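This report refers to the structure that appears directly beneath it.
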Amino acid sequence: MENVNTTVKLILMSLVMLPMISSLTLAEENATGALTVVDDLGRTVSVAQIPQRIVSLSPSNTEILFALGLGDRVVGATKYCNYPTQVKELEDAGKIVIVGGYVDPDIETILSLHPDLVLASRTRSTEAVSLLDKEGIATFVTDPKNLTDIIRSIERIGKITGSESEASKLCYQMQSRIDAVSDRTSSLSKMRVLYIVWHDPVKTAGDGTFEDELIEKAGGENIFHDLSGYAQVDPEAIAVRNPEVIIACSGMGSGADGPTQWARTERGLNQTQARKNDRIYQAEGDLITRAGPRIVDGLEMLAKFIHPEAF
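Under this note's numbering, the first residue of the sequence shown carries the number 6, and numbering increases by one thereafter.
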């Protein structure tokens, strides 16, 4: 009888321990198993295990990594990666190394950091990607064209870094905020909007740019939607299209206020509705041009400029 009781106890203990053993095995596999993801260029990128040393070659990718809680894994970034503030703090502490710009990163510096993953941008790092591929460095390229692409890029970065749940949560929050803006502005009249990228010469954002999509979702109508990409325009063309709202991108360094001051003082815009009604605003360019989580902040900012009555 005692042997029977002992046998029963062993069986019961086995049943209790089996799920625990399975969980430990699964966790071990998740920690050491290879990850394979298709990047935005359709390239299959594989890492042998969850990356622990990551180099970012664009500010937007850096922002994504930190938003996913992966700041402690970033060992290299560009000199333009200035957000969040922890980036500078980690640089000062010697934990993040500057690898150059996003157009001309230093390959030797990147290799010296022994990264197990590099996040690059197609528009900025094409040559670097080819060189890193030759060195056998796993390089994931982002190339988003719109808000949907940005969210998809974040999901893929979450997968290649073993942070799928964090990415899913972030993407859900972003989409919810995008939908909230659309809900508030969809029934309002479309305001004619001019977006000024730069003032000397005057450049605006046309079809195929983030700014164009954000203006539309924010309840506006981009007066130069018929142009493609970033195009040069003149005051006469602007006056003819008579914007009701003018949004100027903040510039760099000493020229930060240049586009806004031009919009406020250019005589050719005197008769526009935007000038007459003092509807000229300055937008933080990084919020609108970086393909990362903060682009939703940019959308909300534009919506408040275009339809302040709704917010």
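Note that the Cβ used here is the ideal one computed from N, Cα and C, for glycine as well.
Remember, it's a predicted structure, so these values are computed and weren't measured experimentally.
Straight through space, the alpha carbons of Q178 and N151 are spaced by roughly 17 Å. Sixteen is the threshold: when 16 or more other Cβ atoms of the shown chains lie within 10 Å of the Cβ of V134, as they do, the residue is buried. I155 places its beta carbon 8 Å or farther from that of P120. For G81, the pairing in a beta bridge is given by DSSP as V60 and V102. Nearest to P248 by alpha-carbon distance, out of D262, R284 and E271, is R284. Within its own chain, the residues whose Cβ lies closer than 7 Å to the Cβ of P149, once the five positions on either side in sequence are excluded, are D45, I155, S158 and A296, listed in chain order. For K208, the uninterrupted beta strand (DSSP E) run begins and ends at V207 to A210, by DSSP. Our two residues, T277 and E96, have alpha carbons roughly 46 Å apart in a direct line. Setting aside the 5 residues that flank it on each side, H204 is surrounded in the same chain by G263, P264 and W267, each with a C-beta closer than 7 Å to its C-beta; the list follows chain order. One thing to note: A125 has its Cβ no nearer than 8 Å to the Cβ of V186.
When the five nearest sequence neighbours on each side are left out, the beta carbons in the same chain lying within less than 8 Å of the beta carbon of A244 are those of G273, L274, Q276 and T277, in order along the chain.
Under the 10 Å beta carbon count, Q287 is surrounded by 16 or more other beta carbons and is classified as buried. Annotation: the segment 114-144 contains the following complete segments of the beta strand (DSSP E) (minimum length 3 residues), in chain order: 122-126. Per DSSP, the continuous alpha helix (DSSP H) segment holding V92 begins and ends at T90 to D97. Taking C-alpha positions only, I251 is separated from Y200 by approximately 6 Å. Counted as a single uninterrupted DSSP element, the stretch harbouring Q287 is not any alpha helix (DSSP H) but the beta strand (DSSP E) occupying residues I285 to A288.
When DSSP states are grouped into helix, strand and coil, V186 belongs to the helix group. G74 places its beta carbon 8 Å or farther from that of I101. Shown here, V245 sits in a helix according to DSSP, grouped into three states.
Between the alpha carbons of R189 and T90 lies a distance of about 32 Å. By the Cβ test, the segment 109-118 is in contact with the segment 55-75, since at least three Cβ pairs between them sit closer than 8 Å. A98 counts as exposed, since fewer than 16 other C-beta atoms from the protein chains shown sit within 10 angstroms of its C-beta. Assigned with DSSP and collapsed to three states, V108 falls in coil, not helix or strand.
Take the alpha-carbon of E132 and the one of G106: they are about 13 Å apart.
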